[in-house]
Amino acid sequence: MALKKMGDLKCDGTERLTFGYVKGILQSTNTCDIWDHIWNFQAKPDDILICTYPKAGTTWTQEIVDLIQNEGDVEKTQRAPTHVRFPFIEWVIPSIGCGLEQANAMPSPRILKTHLPIHLLPPSFIEKNCKIIYVARNPKDNMVSYYHFQRMNKALPAPGTWEEYFENFLTGKVCWGSWYDHVRGWWEAKDQHRMLYLFYEDLKTNPKREIQKLGEFIGKRLDDKVLDTIVHHSSFDVMKQNPMANYSSVPIEFMNHSVSPFMRKGAVGDWKNHFTVAQNERFDEDYKEKMANTSLSFHFRFE
Ligand code: PPS
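Mapping of the sequence shown onto numbering that gives the first Met the number 0: position 210 corresponds to residue 209, and the numbering continues sequentially without gaps.
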C-alpha cells in the first residue's frame with residue numbers, strides 16, 4: 000500500500016489533529032492510519048536513533064549529536080531546521096512532513112527521532128543493531144514541559160486545565176502513553192542492545208561529560224576545543240536564539256510560540272512553580288508505587 004498523500008491527511012491547519020490508538024497508545028489519526036508502514040520501517044545499520052518520551056530533551060540531544068557528527072562545525076548544523084534534519088519516524092503533519100518519507104529520502108548516515116515506547120519500536124532497529132540513544136527526564140519537569148507544549152502545539156490534544164492534565168499524565172492518557180512504562184521499558188532493555196541511556200538532569204549538571212559520553216558512543220574522538228564548542232552551541236540560551244533549533248520555522252497554525260515558546264525554560268525543578276503541595280504528595284505516593292522494583296532513579300532538583 001502506498002503512503003497517503005499529504006493532502007489526504009487530517010488537519011485543516013487551524014484545528015487540532017484527531018487522535019486514535021495504536022496498540023493502546025494515543026497517537027494522531029494520521030499516525031494510526033499508516034501504522035503498518037511505520038512498524039515495517041527499514042532501518043540501516045549506521046542509523047542513530049534518538050529515543051525519548053516527549054519533552055525529555057530530544058531537541059537538545061539532536062543538536063548535540065549533529066554537532067558531534069560534524070565535529071563541532073556549526074555551519075553544517077545550520078543546514079536545516081530540527082524537524083527537517085532529523086526524521087521523526089512516526090510523525091505525520093500535513094504541509095510540514097512525514098517522518099517515514101523524510102527518512103527514506105535522506106542519505107546515510109541518518110539521525111532519526113522517535114518517542115515510541117519500546118514495544119512499539121519498529122523491529123528493524125534491533126535487527127540492524129542500530130545505535131540507540133535514550134534520554135529520560137524527571138517526570139515532574141517532564142509533565143510541566145509537556146503540558147505547556149500541548150497548549151502551544153495544535154498537533155497534540157488540548158491539555159485541558161493543569162489539574163486535568165496532572166491526572167491524565169499520571170494515568171498515561173497522553174500521546175505516547177505512560178511516562179512510567181516508557182522510561183522503565185527502555186531502561187530494562189538497555190543492556191540487551193547497543194544503547195546509551197542518558198538523563199536530562201545530567202546533561203544540565205555536566206554537559207561536557209555527557210557530550211563526551213555521546214562522542215564515545217557514536218565513535219567520534221572530540222578534542223577539548225571541539226567539546227567546548229559543542230557545549231556552547233547546544234546550551235539553552237544559544238539554542239533558543241538559533242532558528243534552526245528553536246522550532247520557529249514551524250507554521251504558527253501548529254506551533255504558537257506566543258502561547259508558550261518551544262524553548263521555554265530549559266530548567267531542572269520548574270515543577271515547583273506548578274505543583275501544589277497536595278499534588279506533590281499525591282505524585283510522590285503514585286511514583287513510589289509505579290517505580291517500585293527498578294534501579295532507575297531521577298534527580299528532581301538542580302544539584
Ligand atoms: S519534543 O517536542 O518532544 O521534541 O521536545 P524535547 O526537545 O524533548 O523537549 C523540550 C524541552 O527541552 C528543553 N530544551 C533544553 N533544555 C536545556 N538545554 C537545552 N539546550 C535545551 N533545548 C531544549 C526545552 O526548553 C523544553 O523544556 P521546558 O522545560 O519546556 O523548557
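Cβ coordinates follow ideal geometry from the N, Cα and C atoms, glycine included.
Spatial neighbours of residue i in its chain, beta-carbon cut-off 8 Å, leaving aside the 5 residues before and after
i      : result
Gly23  : Gly176
Thr28  : Lys9, Leu16, Thr17, Phe18, Gly19
Trp161 : Tyr146, His273
Phe301 : Glu200, Lys203, Thr204, Ala266, Val267, Gly268
Where the alpha helix (DSSP H) containing residue i begins and where it ends
i      : result
Ala135 : Run containing Ala135: none in the alpha helix (DSSP H); it sits in the beta strand (DSSP E), 130–135.
Cys31  : 28–32
Leu213 : 206–217
Residue i and residue j closer than 9 Å at C-beta
i      : j      : result
Pro80  : Ser248 : yes
Gly265 : Lys207 : no
Leu195 : Ile132 : yes
Val225 : Gly71  : yes
Pro116 : His36  : no
Thr51  : Trp90  : no
Trp59  : Val134 : yes
Thr113 : Phe87  : yes
Phe40  : Pro106 : no
Asp32  : Pro108 : no
Cβ-based neighbour list, residue i, same chain, cut-off 6 Å, excluding 5 preceding and 5 following
i      : result
Ile47  : Ile110, Lys130
Val143 : Asp269, Trp270, His273
Residues of its chain near residue i, where Cβ-Cβ distance is below 7 Å and the 5 sequence neighbours each way are ignored
i      : result
Tyr164 : Tyr146, Pro158
Met254 : Met151, Asn152, Tyr246, Phe261
Lys139 : Trp270, Phe274, Phe282, Phe299
Glu284 : none
Integer Cβ distance of residue i from residue j, believed to fall under 8 Å
i      : j      : result
Arg136 : Ala55  : 4 Å
Ile67  : Leu213 : 6 Å
Leu295 : Trp178 : Incorrect: roughly 12 Å between the Cβ atoms, too far for contact.
Glu209 : Leu197 : 6 Å
First and last residue of the uninterrupted beta strand (DSSP E) at residue i
i      : result
Tyr145 : It is not in any beta strand (DSSP E) - Tyr145 instead sits in the alpha helix (DSSP H) that spans 138–151.
Ile110 : 110–113
Arg19  : Reading the sequence as shown, one finds Gly at residue 19 and not Arg. 18–21 is the span of the beta strand (DSSP E), which, as asked, contains Gly19.
Phe198 : 194–198
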